[in-house]
Amino acid sequence: MPTYVCAVPAGLLSDGQKAEMAEAISRIHSEATGAPIYFVQVVIDEGGTTRFLGGRRADGQIWIRGDIRAGRPESVRKEMMLAMMRAVAGITRVRESEIWVYLCNLAPTDMVEYGHVLPKPGEEQAWFDALPEELQAYLADLGTSRGTFKL
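Heads up: the sequence shown runs through residues 1 to 151, numbered per UniProt numbering.
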């Protein structure tokens, strides 16, 4: 499922801002792609990394990298990135020019989740139906059903 890693300078954001950022990114991805919001993973990384641009420290920059399943139209990806940038700017008060968003499109067959290689676009239903009943029940507990499951 989609994973967004947000690299931010340590101490730049409050816990509330981090939560708002994660909610906004999850919502935007879900609305743009149709993927259930509860599959979107957001990681806020304040690991103490020091960023440099042109040899100068970039202490206020936020960098967001999203690993998503390939196959989304360019127009969807572009709008999703811009919406994330705008939402994060509004939440953090960091200038839009200091928020960079990269999307990395992975072939679905290059991902394993829930112990199974992900399906190609259009094969989601067959993939879900082939899952063990226990896993189908787990996903149903998250609000997923055979009729609504999308990646």
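We put the beta carbon where it would ideally sit given N, CA and C, even for glycine.
Applying the criterion that 16 or more other CB atoms from any shown protein chain within 10 Å of the CB defines a buried residue, is residue i buried or exposed?
i: P132; result: exposed
i: Y114; result: exposed
i: V8; result: buried
i: A35; result: buried
Less than 8 Å between C-beta atoms, sequence neighbours within five positions excluded: which residues of the same chain meet that for residue i?
i: F52; result: A58
i: L118; result: R69, P108, T109, M111, V112, W127 and L151
Pick out whichever of the options has its Cα sitting closest to the Cα of residue i.
i: A24; options: D110, R86 and R95; result: R86
i: W63; options: E46, R77 and S75; result: E46
i: Q61; options: Y138, V94 and M80; result: V94
i: L106; options: E96, A89, G66 and I91; result: G66
i: Y4; options: G55, E123 and W100; result: W100
i: A83; options: D141, Q17 and S26; result: S26
i: P73; options: Y138, A32 and H116; result: A32
i: G11; options: I28, T50, A35 and Y138; result: T50
i: R77; options: E20, A130, E134 and H29; result: H29
Between the beta-carbon of residue i and the beta-carbon of residue j, is there less than 8 Å?
i: I68; j: L13; result: no
i: Q41; j: I91; result: no
i: C6; j: I37; result: no
i: E96; j: A89; result: yes
Return helix, strand or coil for residue i, following the three-state DSSP convention.
i: E79; result: helix
i: L131; result: coil
i: Q17; result: helix
i: D59; result: coil
i: G54; result: coil
i: E123; result: coil
i: V101; result: strand
i: G71; result: coil
i: T3; result: strand
Go through its chain and collect everything with a Cβ distance to residue i's Cβ below 6 Å, but skip five positions before and after it.
i: V39; result: In the sequence as presented, Val is not what sits at residue 39; that position holds Phe. Closer than 6 Å at Cβ, skipping near neighbours: M1.
Could you tell me if the beta carbon of residue i falls within a distance shorter than 7 Å of some heavy atom in the ligand FAD?
i: D141; result: For the structure depicted, the ligand FAD is absent and the ligand set is empty, with no information on it obtainable.
I'd like to know whether the C-beta of residue i is nearer than 8 Å to at least one C-beta of chain C.
i: Q125; result: Absent from the structure: chain C. Only one protein chain is present.
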